[in-house]
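> So the sequence shown is numbered by my numbering: it starts at 54 and just counts up by one. Here a beta-carbon is modelled for each residue, glycine too, at the ideal position from N, C-alpha and C. From a predicted model like this one, the values you see are computed outputs, not experimental measurements. Dumping the structure here so I can ask a few things about it.
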Amino acid sequence: MSVALSEADVVVVGGGPAGLRTAALLAERGLQSVIYEQQRSLAAIPHCAGVVCGETLSAMGFVAKPPLVQTVLNEVRVVGPGGVSVELKPKQSAYVLDRGLFDCALAASALQAGAELVLGVHVTHIEVSKERALVVTTNAGKTRCKVVVIAEGIGRILAARLLGGRMRPASAALLHAAVIQGDVEEDRCEILVDPSVAKGAFAYLIPIEDNLVKAGVVAPKGDPLNILKQLLQRFGYQIQPLQTVVHPVNLSGLLPSSRDCVIAVGDAAGHSKPTTGGGLWLIAHTSSLAADAVCRFIRSGVDLSTYERSVKQRFGSEFAKMQKARAIFNYISARILRACIRLLNEDHELRSIVENWGSMDTLGSLTHALLKLDRVARLIKSVLH
């Protein structure tokens, strides 16, 4: 029995945000791009809360308005050990996306640009040479192409096989739920932290409509659902889950993302923030770096390793600071955390620095800046002694 053979300039493996956005940019640059997504629908259960800033949406070609945006967040309340809390009003609003609509909008953008999207196709093997790559799928034959973009997500099977690198995934849970008990305001995100429950973990409650919230947790270790339950109970919240997803998340940083005629984008490349595990901000920017590198490779023979170097050049410093911030958070004690929250309440200048920080996506740089302040260093030293 013969196997169907097709051709394309670029095959993108994975139809999540990273794959769809990269494919759209490649098609806009005149390259024939096909996206293979193993799910039969893009309206799959989302694996992130979908909180972004306006700059991220704009970089992806969207406007921050309904129905794409479910809620606009103007406040953050951080609740720590013993119930000590601080309310922050960042100068930059955050937007809560309807992730199902967002993914469909990304797909529509890719199709409009000229990319082809094929659902229900599982890529099992990629045969690579320096000149061409051959993608083998389970039910659609073979596709010969010039470049493969791996956007398979955090599972990272093909990327690990072809590009190397090892991910040490943390765990996360995301629930759509109804609030039964607890104070949740329509434009305020609640962040719940208590190292005595789980070090390095944080829970969140994000309002979406009426009495419904996105509730979630990110935890370096342990059962995320159990940690979420404990944190909610600890701070007086009770919810009724309507939909629950437990999934891994990458907090460890950048991974190898280029070799020969293969590159990786999104979670497959480690493009998620070590502080929170979020990746949409990075996708908004690294997808264009990927598309530029692929174009240079196909049209001028410039090595694809320029992609990985450009990502490190642009984001390497922030990643290093985010990893340091994550390491501190993983080991911070309840006593120090409580003291830091109290300091934010008492020191209006310090709180102003936090509220007026340029971007919610650069928490590594914010942490780095705060640790350089004498009063923060003195506080930590006094608590330790």
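What residues are listed by DSSP as bridge partners for Cys106?
In the DSSP output, where bridge partners are listed per residue, Cys106 has Ala147.
> Do you know offhand how far Val105's Cα is from Asn303's?
Roughly 18 Å separates the two Cα atoms.
> Is it buried or exposed, Ser162, if we count other Cβ atoms within 10 angstroms and call 16 or more buried?
It is buried - the Cβ of Ser162 has at least 16 other Cβ atoms within 10 Å.
> Establish whether the CB of Glu180 and some CB of chain D are separated by less than 7 Å.
The chain inventory of the structure shown lacks chain D, comprising one protein chain alone.
> Expressed to the nearest angstrom, what Euclidean distance is found between the alpha-carbon atoms of Asp414 and Arg214?
Cα-Cα distance, rounded: 30 Å.
> Hey, is Ser162 close to the ligand NAD, as in C-beta under 6 Å from one of its heavy atoms?
Annotation note on the ligand NAD: not contained in the displayed structure, which lists no ligands.
> Only counting the same chain, and skipping five residues up and downstream in sequence, which positions put a Cβ closer than 8 Å to that of Leu159?
For Leu159, where only same-chain residues beyond five positions count, the Cβ hits under 8 Å are Pro70, Leu73, Arg74, Ala77 and Met113.
> Output the residue ranges of the beta strand (DSSP E) runs that lie fully inside the stretch 310 to 349 and measure 3 residues or longer, sorted by chain position.
As far as the stretch 310 to 349 is concerned, its whole beta strand (DSSP E) runs of at least 3 residues are 315 to 317.
> Starting from the Cα of Gly67, find the closest Cα among Arg362, Gly173, Gly417 and Ser435 and give me that residue.
Closest by alpha carbon: Gly173.
> What did DSSP end up calling Pro301 once you bin it into helix, strand or coil?
Three-state DSSP puts Pro301 in a strand.
> Tell me whether Gln165 is buried or exposed, calling it buried when 16 or more other Cβ atoms sit within 10 Å of its Cβ.
Burial call: exposed.
> Taking the straight line between their C-alpha atoms, what separation do you get for Gly96 and Phe155?
It should be noted that the sequence gives Ala, not Gly, for residue 96. Going from the Cα of Ala96 to the Cα of Phe155 covers about 9 Å.
> Going by beta-carbon coordinates alone, are Ile316 and Leu258 separated by less than 7 Å?
No. Outside cutoff.
> In whole angstroms, what separates the C-alpha of Thr403 from that of Leu432?
A small correction: the amino acid at residue 403 is Leu; Thr does not occupy that position in the sequence shown. Distance between the alpha carbons of Leu403 and Leu432 is about 13 Å.
> Verify whether the separation of the beta carbon atoms of Leu121 and Ala147 is less than 7 Å.
In this structure, Ala147 does not lie closer than 7 Å to Leu121 by Cβ.
> Is it buried or exposed for Val318, if we count other Cβ within 10 angstroms and need 16 for buried?
Val318 comes out buried.
> Less than 8 Å between the CB atoms is what I'm expecting for Gln123 and Val87, so what's the real figure, rounded?
Not a contact, Cβ separation roughly 31 Å.
> So the alpha helix (DSSP H) Ile381 belongs to, where does it begin and stop?
Its alpha helix (DSSP H) spans residues Ser358 to Tyr384.
> What is the rounded straight-line gap between the Cα of Thr420 and the Cα of Gly369?
Approximately 16 Å, taken between the alpha carbons.
> Return the CA-CA distance between Ser182 and Ser353, expressed in angstroms with no decimal places.
If I take the Cα positions, the gap works out to 18 Å.
> In this structure, how does DSSP classify Arg219 when only helix, strand and coil are distinguished?
Coil.
> Using the C-alpha atoms, what's the distance from Leu58 back to Gly269?
Cα to Cα, Gly269 sits roughly 44 Å from Leu58.
> With 16 as the cutoff for other CB atoms within 10 Å, does Ser111 come out buried or exposed?
The residue is exposed, with fewer than 16 neighbouring Cβ atoms inside 10 Å.
> Helix, strand or coil for Phe255, going by three-state DSSP, please let me know.
Three-state DSSP puts Phe255 in a strand.
> Please report the straight-line C-alpha distance between Glu361 and Thr329, rounded to a whole angstrom.
Cα-Cα distance, rounded: 22 Å.
> Among the residues of its own chain, which have a CB less than 8 Å from the CB of Val250, if the five just before and after it don't count?
Same-chain partners within the cutoff: Ile280, Gln283, Leu284 and Arg287.
> Can you tell me whether Asp263 is buried or exposed, with buried defined as 16 or more other CB within 10 angstroms of its CB?
With fewer than 16 Cβ atoms within 10 Å of its Cβ, Asp263 is classed as exposed.
> I believe Gln291 touches Gly235 by the beta-carbon criterion, under 8 Å. Please report the beta-carbon distance rounded to the nearest angstrom.
Gln291 to Gly235, Cβ: 7 Å. Contact.
> Straight-line CA distance for Met54 to Arg197?
Interpretation of Met54 is limited by its pLDDT of 34, a score under 50 that renders its predicted location unreliable; no figure is taken from the coordinates.
> Cβ of Gly253 within 7 Å of Cβ of Phe382?
Taking 7 Å as the Cβ cut-off, Gly253 and Phe382 qualify as a contacting pair.
> Tell me whether Met54 sits in a helix, a strand or coil according to DSSP, three-state version.
Only weak support is given to the placement of Met54: the predicted model assigns it a pLDDT of 34, under 50, and the value that follows is read from those uncertain coordinates. Looking at Met54 - three-state DSSP - the assignment turns out to be coil, as it is neither helix nor strand.
> State the Cα-Cα distance for the pair His175 and Arg379, rounded to the nearest angstrom.
Between His175 and Arg379, the C-alpha separation is close to 35 Å.
> Considering Arg287, what are the terminal residues of the alpha helix (DSSP H) in which it resides?
Note, Arg287: alpha helix (DSSP H), Pro277 to Arg287.
> Enumerate in chain order the residues of its own chain whose CB-to-CB distance from Leu396 is below 7 Å, with the five nearest sequence positions on each side excluded.
Here the set comprises Leu403 and Leu432.
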